[in-house]
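Basically my numbering = 1-based index in the sequence shown + 1.
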Amino acid sequence: MVKTYLRNIFGNLRKNFKLSISFKISMTYMGLYLLSIVIVVFSAMTGYFIYQTIGLDRTGELYAGVITQKTIREKEVISEYLIDERLNGVTIYDSKFEQILNTQSQLDVYVNNVFYKFESVLRDEVYVYSTSVFENNQMYYVNIYFDASRIIDEVTMIGLFVSGAGLLGLMIMVAVGPVASRKLVQPISDMTEVARTISANNINTRLNVKASQHELKELAETFNNMMDRIEDDYIKQQQFVSDASHELRTPIAVLRGYVDMLDRWGKNDKEILEESIQAIKNEAGNMQDLVEKLLFIARNDKKTLKLTKEEFNINEVMDEVFKETKMIDTTHEINNATCEDVIVFADKNRIKQAIRIFVENAIKFTPSGGKIDIFCDIKGEFVSINVKDSGIGIRSKDLKKIFNRFYRAEVSRDKESGGHGLGLSIAKIIILGHRGKINVRSQYGEGSTFSILLPYIKILPKAKIVNE
Numbered sequence: 002m003v004k005t006y007l008r009n010i011f012g013n014l015r016k017n018f019k020l021s022i023s024f025k026i027s028m029t030y031m032g033l034y035l036l037s038i039v040i041v042v043f044s045a046m047t048g049y050f051i052y053q054t055i056g057l058d059r060t061g062e063l064y065a066g067v068i069t070q071k072t073i074r075e076k077e078v079i080s081e082y083l084i085d086e087r088l089n090g091v092t093i094y095d096s097k098f099e100q101i102l103n104t105q106s107q108l109d110v111y112v113n114n115v116f117y118k119f120e121s122v123l124r125d126e127v128y129v130y131s132t133s134v135f136e137n138n139q140m141y142y143v144n145i146y147f148d149a150s151r152i153i154d155e156v157t158m159i160g161l162f163v164s165g166a167g168l169l170g171l172m173i174m175v176a177v178g179p180v181a182s183r184k185l186v187q188p189i190s191d192m193t194e195v196a197r198t199i200s201a202n203n204i205n206t207r208l209n210v211k212a213s214q215h216e217l218k219e220l221a222e223t224f225n226n227m228m229d230r231i232e233d234d235y236i237k238q239q240q241f242v243s244d245a246s247h248e249l250r251t252p253i254a255v256l257r258g259y260v261d262m263l264d265r266w267g268k269n270d271k272e273i274l275e276e277s278i279q280a281i282k283n284e285a286g287n288m289q290d291l292v293e294k295l296l297f298i299a300r301n302d303k304k305t306l307k308l309t310k311e312e313f314n315i316n317e318v319m320d321e322v323f324k325e326t327k328m329i330d331t332t333h334e335i336n337n338a339t340c341e342d343v344i345v346f347a348d349k350n351r352i353k354q355a356i357r358i359f360v361e362n363a364i365k366f367t368p369s370g371g372k373i374d375i376f377c378d379i380k381g382e383f384v385s386i387n388v389k390d391s392g393i394g395i396r397s398k399d400l401k402k403i404f405n406r407f408y409r410a411e412v413s414r415d416k417e418s419g420g421h422g423l424g425l426s427i428a429k430i431i432i433l434g435h436r437g438k439i440n441v442r443s444q445y446g447e448g449s450t451f452s453i454l455l456p457y458i459k460i461l462p463k464a465k466i467v468n469e
């Protein structure tokens, strides 16, 4: 019961207690620093110990031959010829490992093992040097025992001094670390404050890139680039809504005007009634056309526009557009010149819609009696569908803007048939959706040529004529 209660308390504290980034950075660096101290202390102590044992090994190597020779050949007592404060005892074994000399009775086994050496240092404070000596045509084995207490004391002191220096550095880090960490993450706090103030009213606000460094600078630049895209899309959206509202305002005003007139007195006048009905039908059709275009563009913006692609001969579509245009327009000279039978993989209805948009534009801006040519040719891996007119042309300053939504050149604004300025935008969406291109060539006062370039699959071979 108590365990569960305490576990719940600490669990809630852990959830609610949010550590700051600067605190986490400080703790991380302190942890790394402590680990570094441990590694340095261990390395210093181990290095010094190995250095001292290497010295003892060299001394033992010199003593082993002398001790064996004096003891075996000259039968001298070791204490008479070898005086060394570090020496703690000697053991000599013959070739059968039978003990010949032992000045330290508690160690009576010949051992030449690294782990045993370290164990004896830690347990008995004795370092054992083991070797073999050939004397009097016989092999002898020698253990020389050195007092290691001084080495252990020196290693301990080195560990304490290095640890003390490390702890002093840790105290300095504890005092300075949080300040340095806060300074390090200060740009993040500044970014947070700036980001918190950004709204629709000041969407052009950007982060200060100069105050950031390295990864934070890259983060700030990425954020600013993202805000540039958002601002651009936001401005386009505002412009789109404003233009759409403006386009809808006129037909709505016309509809309301005729309805008010009919409501007041026009419904009793047959001529006014017919005029009003016709005007309402025209404006309703105009609004329907505008709404359909807006929905088309909106689906494209939301990435939900679907293209139903199939293989078909591009000449078929051109013939259909030509025949339909000839039926509805009798004021222009319209010519159609098909090319080789080119098979494309595309949405047939959408491609037809795009070609029709260019043809309708040519009709609008070409005076009566003018000429409109619809023809195609092959350009590399593309088939080019061209609509050429002898109309008023496009000013050079307007060429880059004609595909913008709701854009209409000043010349077209004075025309009743100027449209909504969405047709070319829709045509561009369709062509780009098929990985195609649009080229425009125009000279003001002499006409324009719009070219649709679509990638094709193949060109059908021409049928051979057989003479019987």
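We treat Cβ as the ideally placed atom computed from N, Cα and C, and that holds for glycine.
Being a predicted model, the structure only gives us computed values, none of them experimental.
Short Cβ contact (7 Å threshold) for residue i with residue j
i: Lys353; j: Val318; result: yes
i: Val210; j: Glu194; result: no
i: Gly394; j: Glu361; result: no
i: Pro188; j: Ser27; result: no
i: Ser96; j: Asn113; result: no
i: Val67; j: Ser164; result: no
i: Glu126; j: Ile153; result: yes
i: Ile335; j: Lys327; result: yes
i: Ile73; j: Glu136; result: yes
i: Glu382; j: Pro456; result: yes
i: Asn144; j: Tyr111; result: yes
i: Tyr49; j: Ile159; result: yes
i: Ser369; j: Thr332; result: yes
i: Met140; j: Ser133; result: yes
i: Tyr146; j: Gly61; result: no
Beta-carbon contacts of residue i that lie in its chain and below 7 Å, excluding the five residues immediately before and after
i: Lys184; result: none
i: Thr54; result: Tyr128
i: Arg207; result: Asn225 and Met228
i: Ala355; result: Ala428, Ile431, Ile432 and Ile453
i: Leu400; result: Val441 and Ser443
i: Ser277; result: Tyr259, Met262, Leu263 and Gly267
i: Ile1; result: The first residue shown for the chain is 2 and the last is 469, placing residue 1 beyond what the model contains.
i: Asp58; result: Tyr130
i: Lys304; result: none
Residue i, buried or exposed, once every other Cβ within 10 Å from all chains shown has been counted against 16
i: Val388; result: buried
i: His247; result: exposed
i: Ile231; result: exposed
i: Asp390; result: buried
i: Met46; result: buried
i: Arg351; result: buried
i: Ala65; result: buried
i: Val156; result: buried
i: Ser443; result: buried
i: Asn205; result: exposed
i: Glu417; result: At Glu417, the pLDDT of 46 sits below 50, so the modelled position is not reliable; the number obtained from the coordinates is stated separately. Exposed: under 16 other Cβ atoms inside 10 Å.
i: Asp415; result: Low confidence applies here, because Asp415 scores a pLDDT of 45, under 50, leaving its location unreliable; read the following figure in that light. Its Cβ having fewer than 16 others within 10 Å, Asp415 is exposed.
i: Ala363; result: buried
i: Lys271; result: exposed
i: Ile40; result: exposed
i: Asn294; result: With the sequence shown as reference, residue 294 is identified as Lys, and Asn is not the correct amino acid for it. Answer is buried; the Cβ neighbour count reaches 16.
i: Phe359; result: buried
i: Ser449; result: buried
CA nearest to the CA of residue i, picked from the options
i: Leu88; options: Ser96, Asp148 and Ser133; result: Asp148
i: Thr69; options: Ile38, Gly56 and Asn103; result: Asn103
i: Ser324; options: Thr305, Ile153 and Arg357; result: Going by the sequence as given, residue 324 is Lys instead of Ser. The residue with the shortest Cα to Cα distance from Lys324 is Arg357.
i: Asp191; options: Ala363, Leu217 and His435; result: Leu217
i: Met31; options: Ser277, Val115 and Gly170; result: Gly170
i: Lys71; options: Ser449, Leu57 and Ile101; result: Ile101
i: Tyr235; options: Lys268, Val260, Leu249 and Ala201; result: Ala201
i: Thr29; options: Val175, Ser44 and Ile159; result: Val175
i: Lys307; options: Arg59, Glu120, Thr450 and His435; result: His435
i: Leu296; options: Val242, Ile329, Ile281 and Cys340; result: Val242
i: Leu249; options: Ile329, Asp233 and Gln289; result: Gln289
i: Val322; options: Lys365, Leu63 and Ile386; result: Ile386
i: Val177; options: Leu291, Asp342 and Phe24; result: Phe24
Contacting residues, own chain, Cβ-Cβ under 8 Å from residue i (five flanking each side not counted)
i: Glu311; result: Phe346, Ala347, Asp348 and Lys349
i: Tyr445; result: Ile393, Gly394, Ile395, Arg396 and Ser397
i: Ala338; result: Asp374, Ile375, Phe376 and Cys377
i: Arg197; result: none
i: Asp320; result: Asn337 and Thr339
Integer Cβ distance of residue i from residue j, believed to fall under 8 Å
i: Phe98; j: Tyr52; result: Actually they do not touch by this definition, with Cβ atoms about 32 Å apart.
i: Leu454; j: Lys438; result: 4 Å
i: Ile375; j: Thr367; result: With a Cβ gap of about 13 Å, Ile375 and Thr367 do not count as contacting.
i: Ile379; j: Lys459; result: Contact flag wrong, Cβ pair sits at about 12 Å.
Beta-carbon proximity list for residue i, same chain, < 6 Å, skipping 5 on both sides
i: Leu425; result: Ile403 and Phe404
i: Glu284; result: Pro252, Val255 and Leu256
i: Asn440; result: Ser452
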